[in-house]
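Here the sequence shown is numbered in this note's numbering, starting from 1460 and rising by one per residue.
Where a beta carbon is used, it is the ideal one built from N, C-alpha and C, also for glycine.
Structure first, then comments.
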Amino acid sequence: MPGEATGDAGHILPDEDFFMMFDWWADKTPPQCIDITPKRWSTLDIYLDGSGKIDIAKTDPYVIARLKQCPGRPDPFRP
């Protein structure tokens, strides 16, 4: 998992209600999900720690402000 990346194309002209949900998992970590509110024409770098949680020490606070827990899913920010 370290050093891997993912990308996808989205709507050309998303409206103010546009959001993305991203799920991830690994062999030894439980499934995680994050709700992302992207800014137009931007790239968000989200870093994970060894347990599969979002690494808040490495992920920019600007990016963290655009992330939230998926409804009904475990908190991806806490151990």
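Residue i versus residue j: straight-line alpha-carbon distance, rounded
i, j, result
"residue 1475", "residue 1499", "10 Å"
"residue 1517", "residue 1526", "14 Å"
"residue 1523", "residue 1511", "16 Å"
"residue 1536", "residue 1483", "14 Å"
"residue 1497", "residue 1531", "21 Å"
"residue 1521", "residue 1501", "12 Å"
Cβ neighbours of residue i in the same chain (closer than 8 Å, five flanking residues each side left out)
i, result
"residue 1514", "1506, 1507 and 1508"
"residue 1489", "1511 and 1533"
Candidates the options: closest to residue i by CA position
i, options, result
"residue 1529", "1486, 1492, 1517 and 1502", "1492"
Cut-off 6 Å between Cβ atoms - residues of its own chain near residue i, not counting five sequence neighbours on either side
i, result
"residue 1479", "1495"
"residue 1460", "Residue confidence for residue 1460 is low, a pLDDT of 48 falling below 50, so the modelled location carries little weight and cannot support an answer."
Pair within 8 Å by beta-carbon distance, residue i and residue j
i, j, result
"residue 1504", "residue 1519", "yes"
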